[in-house]
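Enquirer: Residue numbers (my numbering): 2 to 183.
I'd like to ask some things about the structure below.
Below is the structure:
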């Protein structure tokens, strides 16, 4: 009983732009802060203070370390307006909780993969954008090498954000799926 698969088709779609619109242009900043404070207060009283958290920006180029969640009641939580870097690719819509390793075969050395095997399925890739190179955070001892990010699209139109972990002296280059892209 239940569903084995559900299919959703978007007949008309547009790219997601990396910008933040002022969607509350009619509201004054003072009223908005008051409304938000009342909402946070109500949620904290019903769910508990530890259950209500907000993202705060962190200084990192690695997607999984770009945000940190803090208590909504923490007065030290900075206000931040997202600004996309100049070389930004399309922003991923859903960052996976942990990057998933994939088997990949590149058509040319140093290029994007021609296909990947992810979650036991082989996906042929028809389009790729990249690479965007991100160096390892040298102050973290567990990080070595860098990453090359690619936005790829398979033959069914699914977009994924992949990265290739750059090889070090004691390990080979490996590919991972980091996020589902727009």
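By construction, the Cβ of each residue, glycine as well, lies at the ideal position given by its N, Cα and C atoms.
Just checking my contact of residue 119 with residue 101 at CB under 8 Å: how many whole Å lie between their CB atoms?
Expert: Indexing the chain shown from 1 puts residue 119 at position 118. Indexing the chain shown from 1 puts residue 101 at position 100. That belief holds up - the Cβ atoms of residue 119 and residue 101 are roughly 7 Å apart, short of 8 Å.
Enquirer: Thinking just about the alpha-carbon of each residue, which of 69, 47 and 167 is nearest to the one in residue 110?
Expert: Here residue 110 is taken as the residue at index 109 of the chain shown, counted from 1. With distances taken between Cα atoms, residue 110 lies closest to 167.
Enquirer: Could you check the C-alpha separation between residue 177 and residue 7 for me, to the nearest Å?
Expert: Along the chain shown, one-based indexing puts residue 177 at 176. Along the chain shown, one-based indexing puts residue 7 at 6. Cα to Cα, the separation comes out at about 26 Å.
Enquirer: Just reading off the beta strand (DSSP E) that residue 123 is part of, what are its end residues?
Expert: Here the question's residue 123 lines up with position 122 in the chain shown. From DSSP, the beta strand (DSSP E) with residue 123 extends over 122-136.
Enquirer: Figure out for me which residue from 130, 68 and 53 has the closest Cα to the Cα of residue 59.
Expert: As a position in the chain shown, residue 59 is number 58, starting the count at 1. Measuring from the Cα of residue 59, the nearest candidate turns out to be 68.
Enquirer: Determine the DSSP secondary structure at residue 59, reduced to helix, strand or coil.
Expert: Position 58 of the chain shown, counted from the start, is the residue given in the question as residue 59. Here residue 59 sits in coil by DSSP.
Enquirer: Classify residue 151: buried if its beta carbon has 16 or more other beta carbons within 10 angstroms, exposed otherwise.
Expert: Stepping through the chain shown from its first residue, residue 151 is reached at position 150. The residue in question, residue 151, is buried, as its Cβ has 16 or more Cβ neighbours within 10 Å.
Enquirer: Tell me where the beta strand (DSSP E) around residue 5 begins and ends.
Expert: To locate residue 5, count along the chain shown from 1; it is residue 4. Residue 5: not part of any beta strand (DSSP E); DSSP gives it neither H nor E.
Enquirer: Got a sec? Which residues, its chain only, sit under 7 Å from residue 54 by beta carbon, not counting five neighbours each side?
Expert: In the chain shown, the residue the question calls residue 54 occupies position 53. 70, 71, 72 and 73.
Enquirer: Buried or exposed: residue 179, going by 16 or more other Cβ atoms within 10 Å of its Cβ?
Expert: Indexing the chain shown from 1 puts residue 179 at position 178. So residue 179 counts as buried.
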